[in-house]
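Our numbering applies: residue 247 is where the sequence shown begins, and numbers increase by one. Backbone N, C-alpha and C define an ideal beta-carbon position, used for all residues, glycine too. Below is one structure; the comments refer to it alone.
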Amino acid sequence: MIHSEKLIDAMHEGKLDLHCVEVSIFQKFEGGLSLKGYGVLKVNQVGTIYLEFICREASQIPLQNFYSAFPEDPFDSAQKLYLEAVTLDGDSIFAEEFSLKISAFNQRPPFKLPIFLHEVYFLYPTEYHKNTENYLYFELLEKAQIPANKMNSTSSTYGEESSFWNEAEIAIGDAKVAVIDKKDRIMVVANGIFDEDDLYKALLFYLGLSSGAMPQPYCLIRRIKENTAFT
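Written out as structure tokens, the structure reads:
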């Protein structure tokens, strides 16, 4: 099972290097693109998640002058691309609503293809929402200009203890939200009874409005039924 804290730190530090032994990329309509192979999931210098994909099997790649683009019509939901992968440890990874281009020189496998992803999903039994109805967690690099109302203490390796006003506790309906400033990142944690999508959008709007910047979370953990989804 993927250890979420280590994975988050690797993404934050730009050191994500997750090997996938099986990768399948496809469209869900008859005659749609189908690619199979393996690859490595990484994060570039600006925090974008991408897959270094090695294609071993391919079908339904039309011949074009220079390249073939998928989806051909990005506004047609029926042409949406899906990705399913399995890591070395046997964890399942999912992604969707991305795009790719295959050059005329890569009509036949094997070939290498970089695939940039908006987000990826990891599903596994939850360890975060014990004793709570719902759980939501995300991190971002943008600073949140929200007044702190809670003090936290930290201890150094030399035994020295420091205290900081670095946390804002907010109540939104039946949800308890904590916005924590970790200096190099902002952590947002929500527990209680709420709709994950609605609260996530509301928090992004609130954080953006308070800071004057568009928040761009690089990881998201939320409860989906009996599983936790990490994106």
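Close Cβ partners of residue i (< 8 Å) along its chain, the five nearest in sequence each way excluded
i    : result
H375 : Here the model assigns H375 a pLDDT of 46, short of 50, so the residue's position is not dependable and the matter cannot be decided.
E318 : Q325
L327 : I271, F272, Q273, L279, F316, P317, E342, E343, F344, S345, L346
H312 : According to the sequence displayed, residue 312 carries Phe and not His. Within the same chain, F312 has close Cβ partners S349, A350.
Between the CA atoms of residue j and residue i - distance to the nearest angstrom
i    : j    : result
L363 : Q462 : 14 Å
Q325 : H258 : 32 Å
S409 : M397 : 7 Å
E379 : A315 : 42 Å
I426 : F321 : 38 Å
L387 : E442 : 21 Å
E496 : V434 : The question about residue 496 has no answer here: the residues shown for the chain are numbered 247 through 477.
K428 : F440 : 25 Å
V423 : L449 : 9 Å
Q391 : A414 : 10 Å
L264 : E303 : 21 Å
G336 : V366 : 16 Å
S457 : P393 : 11 Å
Y446 : K282 : 33 Å
E298 : W411 : 42 Å
Where the alpha helix (DSSP H) through residue i begins and ends
i    : result
E407 : No alpha helix (DSSP H) holds E407; the beta strand (DSSP E) holding it covers 407 to 418.
S456 : 442 to 457
Own chain, CB closer than 7 Å to residue i, minus 5 neighbours either side, in chain order
i    : result
Y296 : K288, N290, P360, I361, F362, L363
E268 : Y284, A331, V332
S305 : S280
N395 : A414, E415
D420 : G438, I439, F440
Boundaries of the beta strand (DSSP E) in which residue i is found, first to last residue
i    : result
S399 : 396 to 401
R302 : 295 to 305
G285 : 280 to 289
Cβ distance (whole Å) where residue i is taken to contact residue j below 8 Å
i    : j    : result
I432 : K389 : 7 Å
I300 : K358 : 6 Å
Beta-carbon proximity list for residue i, same chain, < 6 Å, skipping 5 on both sides
i    : result
G454 : M460, P461
G293 : Y464
S401 : E407
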